[in-house]
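Comments concern the structure below.
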Ligand code: C2E
Ligand code: CA
Ligand code: CA
Ligand code: CA
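Numbering (our numbering), first residue to last: 1321 to 1595.
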């Protein structure tokens, strides 16, 4: 801290100061990033197990910082939420994802992550319909991924918004399923099209017998509720075999592909690499 004579400065620990400073500069850079076109979308395939083909891609945002290189969304999304930038970033993601998907073969969908904060903004429905109109993408090719925390806040308003989106023909997926406190009751509050089983269950498949039992029952639950089930974070053949035997309808993870820029997508599975 500067020795400017103000006693209060001495209460800050040096590390704290550095942390605060890093956060401040991240905020400043983030505010400029959209206008400077520093964001990019990467896409990771979701493989339809039965048909053995790519059913869609999840869009994952990347920030190419001019000095620091790639910064992961896990680091900057929470900051964007805090400083009121998530809605404009979210609008950019929606539009970019729909534009990109409109160039793909007709059967292939795009999934977009929504922050709970975007649901507090009354213009979400308008943003979605604008992205669809500008890209001319069929609404049923857009899937919105929400987490339980969306349903935790002002439930009536959120559920009304979800119904409005659904009436437009957009699909809704429940992300990170199984990590919250009362997942099952959330399934009752809205008829989701898809359940995404959190990668923590997949990661521990081989070490914990209960994970397989949980995955199997979520897949069964999905089937009886008419929802498809995706297992996330599938990295190995072993996990892939267990997941498909458990009855999940789709698989996503490094086993198939890493998230990649749109220009590198092929849309077909390389024969012989799996199965
Ligand atoms: P998520 O929605 O749960 O996304 C899945 C994350 O798992 C992604 O991390 C993905 O790259 C990673 N992943 C995929 N396959 C594997 C695998 O086989 N193994 C492992 N260990 N990881 C795998 P990513 O891209 O760093 O994104 C992190 C989180 O940031 C996302 O978690 C999502 O919550 C958020 N996020 C990403 N893009 C957006 C966005 O456009 N908007 C919003 N609001 N959030 C986003
Ligand atoms: Ca997601
Ligand atoms: Ca997830
Ligand atoms: Ca997650």
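Note that the Cβ used here is the ideal one computed from N, Cα and C, for glycine as well. Computed from a predicted model, the values in this text were never measured in an experiment.
Contact test: residue i Cβ vs ligand 3 heavy atom, cutoff 6 Å
i: residue 1558; result: no
i: residue 1496; result: yes
i: residue 1552; result: yes
Among the options, the one whose alpha carbon lies nearest that of residue i
i: residue 1544; options: 1528, 1354, 1399, 1514; result: 1514
i: residue 1343; options: 1389, 1398, 1469; result: 1398
i: residue 1524; options: 1581, 1410, 1551, 1460; result: 1551
i: residue 1372; options: 1335, 1500, 1564; result: 1564
i: residue 1447; options: 1583, 1458, 1412; result: 1412
i: residue 1494; options: 1366, 1512, 1536; result: 1512
i: residue 1353; options: 1400, 1338, 1482; result: 1400
i: residue 1403; options: 1345, 1361, 1368; result: 1345
i: residue 1465; options: 1376, 1533, 1589; result: 1376
i: residue 1449; options: 1485, 1417, 1438, 1439; result: 1485
i: residue 1479; options: 1383, 1444, 1501, 1410; result: 1444
i: residue 1576; options: 1584, 1590, 1461, 1583; result: 1590
i: residue 1456; options: 1417, 1378, 1364, 1547; result: 1417
i: residue 1497; options: 1510, 1518, 1490, 1488; result: 1518
i: residue 1357; options: 1363, 1339, 1381, 1364; result: 1381
i: residue 1556; options: 1355, 1572, 1547, 1489; result: 1572
i: residue 1487; options: 1535, 1460, 1475, 1476; result: 1460
i: residue 1440; options: 1410, 1499, 1458; result: 1410
i: residue 1588; options: 1392, 1474, 1364, 1499; result: 1364
i: residue 1462; options: 1501, 1414, 1540; result: 1414
i: residue 1474; options: 1454, 1453, 1452, 1438; result: 1438
i: residue 1546; options: 1335, 1451, 1338, 1492; result: 1492
Residue i CB to nearest heavy atom of ligand 2 below 6 Å
i: residue 1433; result: yes
i: residue 1465; result: yes
i: residue 1411; result: no
i: residue 1518; result: no
Any non-hydrogen atom of ligand 1 closer than 6 Å to residue i Cβ
i: residue 1430; result: no
i: residue 1395; result: no
i: residue 1506; result: no
i: residue 1381; result: yes
i: residue 1574; result: yes
i: residue 1555; result: yes
i: residue 1581; result: no
i: residue 1392; result: yes
Those residues which DSSP pairs with residue i across a bridge
i: residue 1376; result: 1366, 1429
i: residue 1464; result: 1432, 1492
i: residue 1389; result: 1385
i: residue 1361; result: 1381
- Enumerated in chain order, which unbroken segments of the alpha helix (DSSP H) with a length of 4 residues or greater are wholly contained in the segment 1391-1461? 1393-1402, 1406-1421, 1436-1440, 1444-1455
- Task: Taking 8 Å as the threshold, find out whether the segment 1523-1540 comes into contact with the segment 1504-1514 through three or more Cβ pairs.
- Result: no
- Query: What beta strand (DSSP E) runs, 3 residues minimum, are completely inside the segment 1509-1587?
  - Reply: 1514-1517, 1548-1551, 1570-1572
- Item | Touching by the beta-carbon criterion (3+ pairs, under 8 Å), the segment 1385-1404 and the segment 1420-1428 | no
- At a cut of 8 Å, does the segment 1470-1477 reach the segment 1428-1442 through at least three beta carbon pairs? Three or more Cβ pairs closer than 8 Å define a contact, and the segment 1470-1477 meets that threshold against the segment 1428-1442.
- Task: Report yes or no: do the segment 1341-1360 and the segment 1561-1575 share at least 3 C-beta pairs separated by less than 8 Å?
- Result: no
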